[in-house]
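Scroll down for the structure; my scribbles are underneath it.
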């Protein structure tokens, strides 16, 4: 019976009290039941989606407003989000805040659990799974609050703050005032960090004296009084450069610029520099309270904490035995491959020692331009987004005073609502030689961090995906992807060099294997030091058997890994997880009767990269589940 007749019969029977036949009543009641069920189901789904989206938006806003520096780097147009940026302040730790953080995380997880995941749309279900897993992993690490080290020489607040201040975007006078407000808050921020460090010391978990000495030296170097007094300090120079740009644009006058420079000098010399000096003094007073010079395994509960941290940092949920197996197999395969290559090409040994320049000598920007063109066959084009603005990139070099403490290179992530302007920093101290520069630019630029970040953001914008994705940090995916494309970039380097230098083919293959062996070995050492409790002597024996490193360098490697747990695995285990996903994709996407997908290799590469870019960043367990239902 047609739908409209059922409605008519039912309404007439109820409203006009017309006598209906038994069949008509039955049909009408069946329709009514189905209609009510459909309406209820529709309401439940939409209601749960609305609840989840409201929850996700509030979670996002809470996260981005927790730190004014991070907010400024994340959001370009604060007014569009209804936020007064000038009201934000640096987070200051108070006694006992660690316990409060654990409670707040439990409350957030409880609120999320009240939303019916199965009633959400497919996209929201995926985001729910990501958030649920992320919160669980974060809560697991927060349960051991004093293992975290916010004053780490490599990635701690004293090391990161100067770079963040130097790159703080100034578009108008309000930005300058907000920047000054942040400078004025540095003493309270550092005081809070020392409250936390004293709690760490009371718990017997303060940093080793060696690490403390590095952080103290760092504090003294950053705020060099001579550089501050003669105007050559990099914070002074970069601030004046940004003011000059605003003056040329007519946003501020020359008189205002001079006034701002004077205030900036005052804040650096009377507020920020004394805060660094005080921080160094207070760290000095706590020296001797850190008894452990090794990894987390030396502490009670350290092994369990390491496992939870490894999951959070890498996104890998394999057990330790499986992670070791994955790393050992890769190390053995690459080591044997390199030995085979060296046996077949005896001249490679001298080439590796000499490090010849075989690529065309050009600028970093031209290398980036070449890579941007070369990747088009293997990687999808960046989505146009809602505004289709052109993507710009600038390569800068790390200030010499920061070189000893900075990574070999890093990409400054742009605001989520303006991804058109991008900055890559190169550390001249660590990036030497044309091949190193080329592969570093692939890692940081195309098809690495810059490409992946801009692609993801524009894809999310086009598909109206919640901004919540931007505050869920998946270092194992982000660095795993960058490692994956860095290793692939050796093939692009071969194509660029082989016509003029045929020997580049084998040489670059050997360099890639050497790079993989080093990172895989360091990742294994990370597990050995922090989970198995390997000592410096144990690591010495390992390198002695390989015969590849001086004792001074062995000590430096050991100390760095001890200070930065999970850093190397974030890169290399992340890369191996991507390779495992690639194997799974070849099976899942296979046609009936086939063992592996029979796509053209280039097409398979392209589709796999689409999957990663459109579904990541994510943890690898959730990503693997997503792969099963994703169609290329």
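Residue numbers (the numbering used here): 1 to 632. Note that beta-carbon positions come from the ideal geometry of N, C-alpha and C, so glycine has one too.
Whether residue i touches residue j by CB criterion (8 angstroms)
i	j	result
residue 398	residue 422	no
residue 529	residue 556	no
residue 461	residue 385	yes
residue 156	residue 89	no
residue 401	residue 265	no
residue 413	residue 453	yes
residue 622	residue 309	no
residue 383	residue 610	no
residue 438	residue 489	yes
residue 434	residue 509	no
residue 635	residue 317	The requested residue 635 is not part of the displayed model; the chain covers only 1 to 632.
residue 294	residue 209	no
residue 187	residue 108	no
residue 63	residue 471	yes
residue 314	residue 158	no
residue 575	residue 459	no
residue 441	residue 283	no
residue 305	residue 86	no
Nearest-angstrom beta carbon gap, residue j and residue i [assumed within contact, 8 angstroms]
i	j	result
residue 486	residue 443	4 angstroms
residue 74	residue 415	6 angstroms
residue 93	residue 204	Going by Cβ atoms, the distance from residue 93 to residue 204 rounds to 19 angstroms, so no, they are not a contact pair.
residue 55	residue 111	6 angstroms
residue 417	residue 77	6 angstroms
residue 577	residue 620	4 angstroms
residue 117	residue 126	The Cβ separation is near 10 angstroms, so there is no contact.
residue 368	residue 445	5 angstroms
residue 378	residue 583	About 18 angstroms separates the two Cβ atoms, so there is no contact after all.
residue 286	residue 197	6 angstroms
Assigned exposure category for residue i - 16 Cβ within 10 Å defines buried
i	result
residue 120	buried
residue 229	exposed
residue 36	Interpretation of residue 36 is limited by its pLDDT of 47, a score under 50 that renders its predicted location unreliable; no figure is taken from the coordinates.
residue 524	buried
residue 633	The requested residue 633 is not part of the displayed model; the chain covers only 1 to 632.
residue 625	exposed
residue 237	exposed
residue 38	Summary for residue 38: the model assigns pLDDT 48, below 50, so the residue's position carries little reliability, and this model does not support an answer.
residue 539	buried
residue 546	exposed
residue 211	buried
residue 42	Confidence at residue 42 is low in this model, with a pLDDT of 49, below 50, so the placement of that residue is unreliable and no value is reported for it.
Residue i Cβ short of 7 angstroms to the ligand MN heavy atom set
i	result
residue 336	Summarising the ligand content, the structure contains no ligands, and the ligand MN is consequently not present.
Endpoints, the beta strand (DSSP E) within which residue i is located
i	result
residue 391	Taken as a continuous stretch (DSSP letters only), residue 391 belongs to no beta strand (DSSP E), as it is neither H nor E.
residue 410	409 to 412
Reference residue i, options the options, closest by Cα
i	options	result
residue 189	615, 161 and 59	161
residue 257	88, 241 and 270	241
residue 507	298, 359 and 82	359
residue 134	154, 106, 155 and 152	106
residue 587	628, 610 and 547	628
residue 195	279, 234, 293 and 185	279
residue 267	97, 544, 235 and 254	235
residue 288	496, 108, 201 and 140	201
residue 246	171, 367, 337 and 146	171
residue 572	330, 91 and 97	330
residue 513	296, 339, 140 and 248	339
residue 249	275, 299, 231 and 173	173
residue 468	479, 456 and 550	456
residue 679	579, 466 and 592	A question about residue 679 goes unanswered here, because the residues of the chain that appear run from 1 up to 632.
Bounding residues of the alpha helix (DSSP H) (the contiguous stretch that carries residue i)
i	result
residue 425	Counting along the chain, residue 425 falls outside any alpha helix (DSSP H), though it belongs to the beta strand (DSSP E) covering 421 to 426.
residue 481	475 to 497
residue 686	In the structure as shown, the chain starts at 1 and stops at 632, and residue 686 therefore has no counterpart that could be examined.
residue 122	122 to 142
residue 330	320 to 344
residue 591	Run containing residue 591: none; DSSP gives neither H nor E here.
residue 439	434 to 444
residue 147	First-last for residue 147: undefined, no H or E at that position.
residue 449	449 to 462
residue 264	254 to 267
residue 198	173 to 202
residue 349	348 to 354
residue 553	551 to 563
residue 517	504 to 530
residue 538	536 to 546
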